[in-house]
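Engineer: Those letters in the sequence shown? Residues 66 to 330, by the numbering used here.
Backbone N, C-alpha and C define an ideal beta-carbon position, used for all residues, glycine too.
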Amino acid sequence: MRATAEDLHISQPALSRSMQRLERELGASLFERSPNRLEATEAARMAAGHARAILDRTEALHREAMALERRRTTIDVLSCAPEPLWRLQPLVEQELPERRVASRIVGLDEVDAAVASGKAQIGITTRVPCALRDRAMPWGTEHLRVSVPPAHPAAGRSQVSLHDLDGQTILLLPRLGFWGDLVRSRMPRSRLIVHDDATWTEIARSSTLPVFTTDLVRSEDWGMTDRVDVPISDPEAHPVYWCILADDPALRGLAEALRVRRAGS
Numbered sequence: 066m067r068a069t070a071e072d073l074h075i076s077q078p079a080l081s082r083s084m085q086r087l088e089r090e091l092g093a094s095l096f097e098r099s100p101n102r103l104e105a106t107e108a109a110r111m112a113a114g115h116a117r118a119i120l121d122r123t124e125a126l127h128r129e130a131m132a133l134e135r136r137r138t139t140i141d142v143l144s145c146a147p148e149p150l151w152r153l154q155p156l157v158e159q160e161l162p163e164r165r166v167a168s169r170i171v172g173l174d175e176v177d178a179a180v181a182s183g184k185a186q187i188g189i190t191t192r193v194p195c196a197l198r199d200r201a202m203p204w205g206t207e208h209l210r211v212s213v214p215p216a217h218p219a220a221g222r223s224q225v226s227l228h229d230l231d232g233q234t235i236l237l238l239p240r241l242g243f244w245g246d247l248v249r250s251r252m253p254r255s256r257l258i259v260h261d262d263a264t265w266t267e268i269a270r271s272s273t274l275p276v277f278t279t280d281l282v283r284s285e286d287w288g289m290t291d292r293v294d295v296p297i298s299d300p301e302a303h304p305v306y307w308c309i310l311a312d313d314p315a316l317r318g319l320a321e322a323l324r325v326r327r328a329g330s
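1. At what residue ranges does the segment 262-307 contain a whole run of the beta strand (DSSP E), taking only runs of 3 or more?
2. Give every residue of the same chain whose Cβ lies closer than 8 angstroms to the Cβ of residue 189, excluding the five residues on either side of it in the sequence, and list them in chain order.
3. Throw me the rounded Cβ distance for the residue 234 and residue 255 pair, which I believe falls under 8 angstroms.
4. Using C-beta distances below 8 angstroms, list every residue in its chain close to residue 165, excluding the 5 sequence neighbours before and after it, in chain order.
5. By the three-class DSSP mapping on this structure, what secondary structure does residue 146 have?
6. Kindly indicate which three-state DSSP category residue 131 falls into: helix, strand or coil?
7. With which residues is residue 139 paired in a DSSP beta bridge?
8. Since residue 192 contacts residue 312 with CB under 8 angstroms, what's their CB separation in whole angstroms?
9. Out of 224, 173, 300 and 132, state which residue places its alpha-carbon closest to the alpha-carbon of residue 183.
10. Report the three-state DSSP secondary structure of residue 211 (helix, strand or coil).
11. Please report the distance separating the alpha-carbon of residue 282 from that of residue 195.
12. Once DSSP output is grouped into helix, strand and coil, what is the label at residue 240?
13. Nearest by alpha-carbon distance to residue 219: which of 158, 112 and 273 is it?
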């Protein structure tokens with residue numbers, strides 16, 4: 066009793082009074098008492114089981130209520146890469162101004178699972194499960210490049226593979242989604258130096274380390290004007306992005322806006 070009172074941050078007499086009130090309300094003894102021992106009765110074990118079930122249902126109620134409120138006020142967007150998310154988010158905010166947009170860059174498996182289960186209303190991926198094909202729309206392409214100084218051996222080549230670069234020290238941005246997974250899997254012998262955006266830019270501008278860019282995010286966009294961007298030849302380095310929308314009436318306007326945007330491009 067003393068240890069339980071300490072855990073609950075109340076006095077032992079207060080806990081004893083609470084237990085006595087509970088015994089009166091239940092009409093049953095919860096403890097067999099002796100001078101040096103306090104043992105739970107069968108009624109106490111039964112009551113504890115019901116109490117745990119009530120607490121579990123209460124916690125489930127809170128989780129489900131919060132999930133419903135979040136779904137009513139928030140649009141969850143998961144993307145497998147940064148650039149298609151940067152292009153999509155302003156359109157989502159424009160079409161759904163009453164909703165807060167919560168976006169994250171994650172791996173392909175997490176995008177697919179979240180959209181399929183309904184945990185995310187919008188997903189950007191490079192692959193479309195058959196069950197979600199009718200909700201998917203093309204959302205552009207991107208082509209990976211490596212940005213190197215003019216003196217780098219790759220600078221004079223028309224293209225290189227990730228295998229060609231394996232073993233080199235590469236400067237890498239965080240939160241790259243499937244791009245990061247691709248580089249790590251194809252370049253196991255490389256040392257990948259990961260920094261946040263500000264530090265990455267500073268190091269990239271002042272060092273000769275290779276860095277990855279794309280045709281949509283070029284080295285000059287980062288202020289690196291003395292570099293050469295060399296295309297990566299691996300087929301996986303040229304993804305087609307798909308935007309998958311949940312089957313939600315609130316997203317119909319956004320779906321139409323995406324179709325118009327695609328037709329215009």
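Structural biologist: On the basis of the data shown:
1. 276-279 and 293-296
2. 142, 143, 144, 145, 146, 149, 150, 153, 176, 204, 306, 307, 308 and 309
3. 7 angstroms
4. 138, 139 and 140
5. coil
6. helix
7. 165
8. Actually they do not touch by this definition, with Cβ atoms about 19 angstroms apart.
9. 132
10. strand
11. 31 angstroms
12. coil
13. 273
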